[in-house]
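Working notes for the structure below.
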Amino acid sequence: MDGRGGVVSPFLIKLWTLVDNQETNELIFWSANGQSFLVYDEHRFAKEILPKYFKHSKMNSFVRQLNMYGFCKVDAIRDKKDISEFEHPCFVRGSSKLLKKVKRKASIIRQKKIHWRDVGPIMKEMKRMRRTHETMNNLLYFLQLENQRRLNKQSRQWCHKVIKANLNWICLTEDTFASFSSPTPPTPFPQLLHLHILNGLVCWPEVSNETHRLVMVPSGQLVGS
């Protein structure tokens, strides 16, 4: 309730009651012409009166609220430094109906509107950045899936090659032993070895007088040693 739309704020009602109350005239009262009110001895006023009406004891807060509603502080009265005077064109003795016209300063309302206008573009930019962030996260996720799929494919291909090489070696070994155990005359070893070399299955070792034999190398091929 701030005096807009014909509604009088609680602050103005309390202030009017306080100024118009003869029991508090020792510290706060109307001016002679009723166009303003005066506060005498701000220290006592803040300590004794403010807590009863406004639930605080800070004179600065009281003056700040007066400023929010457009009250102006009148120049200090000569020879009376302990007296403060405040006025508002719609805060007049005997004219309580004018209180509905006392409103918060329009500048405060405009500042709030300007503030939200400034925040609007920022919020839009934040939403745009959030959408971009989500898009990048999705793209990264799909790239990781594709990379994993390719790694799995390469791993399967490598396993197939190893299995194929081992199967070839097993078949070759069985054929070799079968040729040695066959009742028919076996192929001489040099000729058999030469045949394997031509087929790319074995490598010819360095020439020596040692007995030759076939062994398995890591690639699954046979070598002579």
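The opening residue of the sequence shown carries number 1 in full-length UniProt numbering; numbering runs sequentially from there. Note that beta-carbon positions come from the ideal geometry of N, C-alpha and C, so glycine has one too.
Asked	Found
Three or more C-beta pairs below 8 Å linking the stretch 35-52 and the stretch 81-96	yes
Check whether V102 and L12 have beta carbons under 8 Å apart	yes
For Y53 and L99, believed in contact at Cβ under 8 Å, the rounded distance	Wrong, their Cβ atoms sit about 16 Å apart, outside the cutoff.
Where L15 falls, given that 16 or more other Cβ within 10 Å makes a residue buried	buried
Rounded separation between Q154 and E134 - CA only	31 Å
Through-space distance from R128 to residue 277, alpha-carbon basis	Residue 277 is absent from the structure shown; the chain starts at 1 and stops at 225.
Close-in-space but distant-in-sequence residues of the same chain around P51 (CB under 7 Å, 5 per side omitted)	S57
Buried versus exposed, by CB contacts within 10 Å (16 or more), S84	buried
Which of helix, strand or coil DSSP assigns to Y40	strand
8 Å Cβ shell around T24 - same chain, five flanking residues per side excluded	L18 and I49
Rounded straight-line distance, which links the Cα of A32 to that of S9	26 Å
Coil, strand or helix - F142 by DSSP	helix
Candidates L66, E42 and N137: closest to K105 by CA position	L66
Same chain, Cβ closer than 8 Å to F71, neighbours up to 5 away in sequence not counted	F86, E87, H88 and F91
Range covered by the beta strand (DSSP E) that runs through I83	I83 to E87
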